Every structure is written in structure tokens, then in C-alpha cells.
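Asker:
Right, dumping it as C-alpha cells:
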């Protein structure tokens, strides 16, 4: 199982790098907004989760993303954001 994770990890990093998501800045967050790729997203719930995550800070740079189409069971609509 560990070998599979080590083999997949570089692919995930490459996908994040090509999508414009900064994986180095620890101020970047993400939240899953739908059950899976075939269910509609609940953007309002995602924004509430983002606001809760940021606490007293403001949610900035919120971006909505569609499923990647990878076929992975965890593939879903998601939102990325930063706290400031």
C-alpha cells in the first residue's frame, strides 16, 4: 500500500502545480463541496466551512473547482481559499 501511495504522490503534486494551486504556501486551504463527482456542489456550505476555518480572518481568493474526471472515488467539486 505504501508503494502505491509513493507512486501516486508525485502525480498529485504535478496536478496541483499545473492547476495553479500553490501547495507551498501553508495559508492555502481546500474543502470538498460535493459527495462525489456526480452530485451537485453545495457552494454555500463550502463558504461557511471556509469562514469557520479562517476564524476571525477573512476568506480571500476563493475559487470553485469542478471534479478532475480522474475516476477516483474521492473526486468531487471543491473550493480552494486563503485566510487573510
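Residue numbers (our numbering): 3 to 86. All C-beta atoms, glycine included, are put in the ideal place defined by N, C-alpha and C. Predicted model only: the values in this text are computed from it and were never measured.
(1) For the beta strand (DSSP E) containing residue 64, name the first residue and the last one.
(2) So if DSSP puts residue 84 in a beta bridge, which residue, or which two residues, is it bridged to?
(3) Could you pull out every residue in the same chain whose Cβ sits closer than 8 Å to the Cβ of residue 68, ignoring the five residues on either side in sequence?
(4) Is the distance from the Cβ of residue 76 to the Cβ of residue 34 below 9 Å?
(5) Would you check if the distance between the CB atom of residue 41 and the CB atom of residue 64 is smaller than 9 Å?
(6) Whole-angstrom Cβ separation of residue 30 and residue 84, contact assumed at under 8 Å?
(7) Quick check on residue 60: buried or exposed, where buried means 16 or more other Cβ atoms within 10 Å of its Cβ?
Answerer: On the basis of the coordinates in this document:
(1) One-based indexing of the chain shown puts residue 64 at position 62. Counting along the chain, the beta strand (DSSP E) containing residue 64 begins and ends at 61 to 67.
(2) Residue numbering aside, residue 84 sits at position 82 when the chain shown is read from its first letter. Paired residues: 30, 62.
(3) Against the chain shown, residue 68 aligns to sequence position 66. So the list reads 79, once near-sequence residues are dropped.
(4) Numbered from 1 along the chain shown, position 74 holds the residue referred to as residue 76. Numbered from 1 along the chain shown, position 32 holds the residue referred to as residue 34. Yes, they are a contact pair.
(5) Position 39 of the chain shown holds residue 41. Position 62 of the chain shown holds residue 64. The answer is no: Cβ separation not under 9 Å.
(6) Position 28 of the chain shown, counting from 1, holds the residue named residue 30. Position 82 of the chain shown, counting from 1, holds the residue named residue 84. About 6 Å separates the two Cβ atoms, so the contact holds.
(7) As a working note, residue 60 is residue 58 in the chain shown. Under this definition residue 60 is an exposed residue.
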